[in-house]
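Numbering (the working numbering), first residue to last: 5 to 264.
Beta carbons are placed, not taken as given, at the ideal position from N, Cα and C, and that holds for glycine.
Notes for the one structure printed next.
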Ligand SMILES: Cc1cc2nc3c(=O)[nH]c(=O)nc-3n(C[C@H](O)[C@H](O)[C@H](O)COP(=O)(O)O)c2cc1C
């Protein structure tokens, strides 16, 4: 089977029942925890209740576009908070078990195998650096805490350019969101059928990210072209238990003239 045929087959629905029969969940293994933070300083961002500027869902869908040219303006902490909550915030526990949480995006079996990491270049009042969203801090609240992982790279432009395989325009973005995947969260339930489901989950995350950016009047672009090894290294992922799966740029864009 050549690679293309193999990958086509991967997109087809496997036997979930047969896969789940052999899963760790079926075998009574305890569910993995969503407590995933490190030891960085925790920073709670301001409330984001009044940040959404788009009032019509029709307009939202009609204006979302991939934007790759940003102004030099800073984002606000409220905007960053809304972006994080609207894609990965934890709204409520599902059932009584504590093994699943509901979020603004759907996920197969409510497994939610993703984490959000942030490269902050220009956000008002926030020191530039690498951060990580800690959704377990505020389950059921519209509140966002991030942890500081460390400083930004010395030579930002060169490094970002390397991380995003020569897509030079990304270096202007004041914020970059890096989505990582922790595959065992989904494998625990779906075993070898987890991976296709996680890719579908990821599409929902990307769409919420872009619509949320549009709702804030910001521009964004999803990127699947990045250097796997370098991105994993930057955030300290081992590439097996956790690895980068998607990147999103975020920034202000110049107001458009009609018919632009
Ligand atoms: C899975 C995926 C991967 C993408 N990767 C990149 C990328 O690496 N670089 C880029 O400039 N745009 C990337 N894009 C943006 C697409 O080029 C864009 O969505 C497409 O041209 C349609 O434009 P629109 O989003 O404005 O409707 C990606 C989009 C998706 C959904």
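Would you mind stating whether residue 220 and residue 55 have Cβ atoms separated by less than 8 Å? For residue 220 and residue 55, yes; Cβs fall inside 8 Å.
Taking the beta carbon of residue 6 as the centre, do at least 16 other beta carbons fall within 10 Å, making it buried, or is it exposed? Residue 6 sits exposed, since fewer than 16 C-beta atoms from the chains shown fall within 10 Å of its C-beta.
Endpoints, alpha helix (DSSP H) assigned at residue 217: Membership of residue 217 in the alpha helix (DSSP H) is indicated by the continuous run 198–219.
Tell me the residue span of the alpha helix (DSSP H) that contains residue 164. Start and end: 160–167.
What is the rounded straight-line gap between the Cα of residue 98 and the Cα of residue 257? Distance between the alpha carbons of residue 98 and residue 257: 39 Å.
Do you know offhand how far residue 234's Cα is from residue 183's? Distance between the alpha carbons of residue 234 and residue 183 is about 14 Å.
Residue of 222, 251, 237 and 191 minimising C-alpha distance to residue 30: Comparing Cα positions, the closest option is 191.
Could you please give the first and the last residue of the uninterrupted beta strand (DSSP E) stretch that includes residue 252? Per DSSP, residue 252 belongs to the beta strand (DSSP E) from 247–255.
Residue environment, residue 150, which counts as buried when at least 16 other CB atoms sit within 10 Å: Looking at its Cβ environment, which holds 16 or more other Cβ atoms inside 10 Å, residue 150 is buried.
Where residue 65 and residue 202 are concerned, what is the direct C-alpha to C-alpha distance, given to the nearest angstrom? Each residue's alpha carbon lies about 24 Å from the other.
Ligand 1 heavy atoms versus the CB of residue 70: any closer than 7 Å? Checking every heavy atom of ligand 1 against the Cβ of residue 70, one is found closer than 7 Å.
Identify the continuous alpha helix (DSSP H) that holds residue 49 and give its terminal residues. From DSSP, residue 49 is part of no alpha helix (DSSP H); its letter is neither H nor E.
Taking the beta carbon of residue 82 as the centre, do at least 16 other beta carbons fall within 10 Å, making it buried, or is it exposed? By the 10 Å Cβ count, residue 82 comes out buried.
Looking at residue 229 and ligand 1, is the gap between the Cβ and the nearest heavy atom below 7 Å? Taking 7 Å as the cut-off, the C-beta of residue 229 counts as close to a heavy atom of ligand 1.
Would you check if the distance between the CB atom of residue 228 and the CB atom of residue 250 is smaller than 8 Å? In contact: residue 228 and residue 250 (Cβ atoms closer than 8 Å).
Coil, strand or helix - residue 61 by DSSP: For residue 61, the secondary structure class from DSSP, reduced to helix, strand or coil, is helix.
Look at residue 19 and residue 194 and say whether their C-beta atoms are less than 8 Å apart. Contact flag unset, no.
Cβ-based burial, residue 71 [other Cβ within 10 Å; buried from 16]: Buried is the call here.
Going by DSSP, what residues sit across from residue 182 in a beta bridge? Answer by DSSP bridge pairing, in chain order: 121 and 251.
Can you look up residue 227 in the DSSP assignment and give me helix, strand or coil? In the structure shown, residue 227 sits in a strand (DSSP, three-state: E or B).
Taking Cβ to Cβ, would you say residue 92 is nearer than 8 Å to residue 107? Contact flag set, yes.
Using only the alpha-carbon positions, how far apart do residue 266 and residue 21 sit? Absent from the model: residue 266. The displayed extent of the chain is 5 to 264, so no value can be given.
Terminal residues of the alpha helix (DSSP H) in which residue 8 lies: Residue 8: member of the alpha helix (DSSP H) spanning 7–14, first to last residue.
In chain order, what residues of the same chain lie with their CB nearer than 6 Å to the CB of residue 58, ignoring the 5 residues before and after it? So the qualifying residues of the chain are 64 and 219.
Under 7 Å from any heavy atom of ligand 1, does the C-beta of residue 185 make it? Short note on residue 185: C-beta not closer than 7 Å to any heavy atom of ligand 1.
DSSP three-state assignment for residue 94, whether helix, strand or coil: In the three-state DSSP reduction, residue 94 falls in the coil class, being neither helix nor strand.
Here's a check: name, in chain order, each residue in its chain whose Cβ is nearer than 8 Å to the Cβ of residue 166, leaving out the five neighbours to either side. Cβ within range, chain order: 231 and 234.
Hey, is residue 129 close to ligand 1, as in C-beta under 7 Å from one of its heavy atoms? Taking 7 Å as the cut-off, one finds no heavy atom of ligand 1 near enough to the beta carbon of residue 129.
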